[in-house]
Every structure is written in structure tokens, then in C-alpha cells.
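Following: one structure in C-alpha cells, then a few remarks.
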Amino acid sequence: MRIIFAGTPDFSVSALNALLESSHEVVAVYTQPDRPAGRGRKLRASPVKERAVIAGLPVFQPATLRDSDEQEKLVALQADLMVVVAYGLILPPEALQAPRFGCLNIHASLLPRWRGAAPIQRAILAGDSESGVTIMQMDEGLDTGDMLMKLSTPIQPTDNAQLLHDRLAKMGADALMNTIRQIEQQLLAPEPQHEADATYAEKLNKNEANINWQDSAEEILHKINAFNPWPVAQTTWDGKVVRIWRGAVIDQNKKMSNTPAGTTTKVSTDGINVATSDGVLSILELQLPGKRPMSTADFLNARPQLKESGMQFVS
1 MRIIFAGTPD
11 FSVSALNALL
21 ESSHEVVAVY
31 TQPDRPAGRG
41 RKLRASPVKE
51 RAVIAGLPVF
61 QPATLRDSDE
71 QEKLVALQAD
81 LMVVVAYGLI
91 LPPEALQAPR
101 FGCLNIHASL
111 LPRWRGAAPI
121 QRAILAGDSE
131 SGVTIMQMDE
141 GLDTGDMLMK
151 LSTPIQPTDN
161 AQLLHDRLAK
171 MGADALMNTI
181 RQIEQQLLAP
191 EPQHEADATY
201 AEKLNKNEAN
211 INWQDSAEEI
221 LHKINAFNPW
231 PVAQTTWDGK
241 VVRIWRGAVI
251 DQNKKMSNTP
261 AGTTTKVSTD
271 GINVATSDGV
281 LSILELQLPG
291 KRPMSTADFL
301 NARPQLKESG
311 MQFVS
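Quick note on numbering: full-length UniProt numbering labels position 129 of the sequence shown as 129, and the sequence is numbered without any gaps.
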């Protein structure tokens, strides 16, 4: 098949690699325009563009696909299929209808749950037991098209957003190639989404990263995992904002009646155990302002007195 690929971040690269390793012809790559990044605010290419340049593929970076000139360029590619993975631009009807088999999308959730911008993080934050990928035939709605294939994976207590992201990127690439084979063999059985089951994964907000120690230990762990690597869950200790990168739940469903939420129950190199409204959360990796993330062992080696005095975290 002649395939147009449209994607922007790291998540998209696995699918592009799978297409490049196949017998299909990637005739063009669409990605968002270069953006200022880093302290110097220099223009930086997207991960998809970097991969496409290495592969010697034509790269298109329109600011919009609503422009008629851009639509004519896309139609002129005479593609059989367009694969869209976290592209970031809205595809108008003219773009959706240009390829012979339309446009496929890899979405990082088990649709119709978690349509929208941050499905990986929202699934972890909500305490979902599983996540997955959905291959969808795109329509004009927001992640509302017919489902062509779904693959699921359990969400483990140790899964953070980065780990789940990487796993789903690989799963999405595998599901994409299987779906394309089914298109070629005319074996597809599109499944409409049930609107009653739809939920929306809103974009993450930095303000959500603040830990409320009145939440349960399990809820706080979900926040720590969902917001790693961005924006990273945070709390206040000794007047400083402390970022919490990794934790674990201990004594789940055990209320510490004599210990106020946010107060440590035990401070050791194995973890900083903090009382919550329900259960105890053990902090395993943290970061002070201007410092690199460190294990609790390294943190306490420089502050051994805290093992005796304890610590108080403020929401």
C-alpha cells in the first residue's frame, strides 16, 4: 500500500518504524511544525520528523490542513491509506476522504473510555485495572470512529505513565500492522462505539500535581504514577516544594487514627512512610528544588536526623 503517516511525539515513532520495516511504501510524513524548545528556545524538530529525515522521506509540516492548497498536496500523493498517531492537528473531511481506505488512528486507550488528549495518564489516575490501544477508522468526531482492533494490557501498581506509554506504543504498532493486513484481506469487522460508555481524558494541568494527604494512599500513588514523568506529583516539606517520583502503598485500608495525614509513621532508608486518610504511602524517590531525583536512602544519608525527628508534609 501507499501510506501517508501523520504523527508528532515519541509515541508515534514505533508505528512509523513498523511501517518502514514492512513492504508498504510510506509516501510522505506529516508532522507538526518545528517548535521552540529548551533554554535557548531554539526550533526543534518533532521525534517523527527526525525519524523521517533519517529514512529519507518527504516531510510536510502545515500549520493546518483546512487550507485548500494543503489539501490538494495531500490528495496528489494518491495514498491508499493514512495512518494518524498523536498528530495534533484536526483532519477536515477533505483529508479524511483523500486516501482510498480513509484514515486509521492509533489511540492509547480502550475506546470509548478515555477519548481525548491524555488517555494514558487518566487511566492510571482513575485507578483503572487495564489500558490498551484501539485502532479506529477516523471520522470527524473526537476519537469517535468505528473500532477495528483493540489490544489490552494490565496496569500494574508499579506502572507509571512513561512505562505504560512505551508499552502501548509497541502494542499500537503491532495492532496497526495486523489491521492493515485485515484491510488487504477484506476481513475487517468495524465496531461502532457506544456513546453511553464514553469518557474524556482532559489535558493534564500542572495544578493537578499537588498531593492532598487527605486522599487515600492508593489515590496518591495513582497520582504519583500518572504524573511521572510530567508534571510530577509534588508536596511541601520544610517550606520546600518536593517532587515525588516513586512510591508504594503499604498498610492499605488501615486508618492511622493517632497520626495526622501528611505525618510520617516511619522514616528509614527503605522508604519514608506517610499517613493518609486511608492507608500509608511509602515515598521511594523524591526530588528537592534544584536537585536531581534521588532515592530515599540517598536523601536520608545526608539528613540522618530525620529518622528520629520524623517529617511533616503539607498538602
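Using N, Cα and C, we set each Cβ at its ideal position, and we do this for glycine too.
Since the structure is predicted, the reported quantities are computational estimates derived from the model, not experimental observations.
CB residue i to CB residue j, shorter than 8 Å?
i           : j           : result
residue 14  : residue 170 : yes
residue 240 : residue 289 : yes
residue 229 : residue 204 : no
residue 118 : residue 155 : no
residue 246 : residue 224 : yes
residue 281 : residue 249 : yes
residue 149 : residue 175 : yes
residue 233 : residue 209 : yes
residue 283 : residue 296 : yes
residue 136 : residue 111 : yes
residue 2   : residue 71  : no
residue 262 : residue 315 : yes
residue 300 : residue 291 : no
Could you check what DSSP says for residue i in three-state terms: helix, strand or coil?
i           : result
residue 132 : strand
residue 290 : coil
residue 37  : strand
residue 90  : coil
residue 312 : strand
residue 82  : strand
residue 21  : coil
residue 351 : One cannot answer for residue 351 here, as it falls past the ends of the chain, which runs 1 to 315.
residue 201 : strand
residue 16  : helix
residue 66  : coil
residue 6   : strand
residue 52  : helix
residue 95  : helix
residue 43  : strand
residue 161 : helix
Closest by CA to residue i, which one among the options?
i           : options               : result
residue 105 : 64, 196 and 7         : 7
residue 193 : 242, 245, 138 and 160 : 138
residue 259 : 210, 312, 39 and 45   : 312
residue 59  : 46, 35 and 163        : 46
residue 235 : 102, 215 and 250      : 215
residue 26  : 42, 53, 41 and 182    : 53
residue 184 : 108, 121 and 101      : 101
residue 9   : 2, 23, 44 and 21      : 44
residue 206 : 69, 268, 112 and 226  : 226
residue 199 : 69, 261, 279 and 120  : 120
request  = Any chance you could list the alpha helix (DSSP H) runs of at least 4 consecutive residues sitting entirely within the stretch 97 to 157, in chain order?
outcome  = 119 to 125
request  = Starting from the N-terminal side, write out each stretch of the beta strand (DSSP E) that is 3 residues or longer and does not extend beyond the UniProt domain "Formyl transferase C-terminal" (203 to 302).
outcome  = 233 to 237, 240 to 250, 264 to 268, 271 to 275 and 280 to 287
ask   = Between the stretch 86 to 94 and the stretch 29 to 46, are three or more C-beta pairs nearer than 8 Å?
value = yes
message = Any contact between the stretch 34 to 43 and the stretch 92 to 110? By contact I mean 3 or more CB pairs, one from each, below 8 Å.
response = no
request  = Evaluate contact between the stretch 159 to 169 and the stretch 183 to 190, counting only Cβ atoms and requiring at least three cross-stretch pairs below 8 Å.
outcome  = no
query = Do the stretch 138 to 147 and the stretch 61 to 71 touch if we need at least three Cβ pairs shorter than 8 Å?
reply = no
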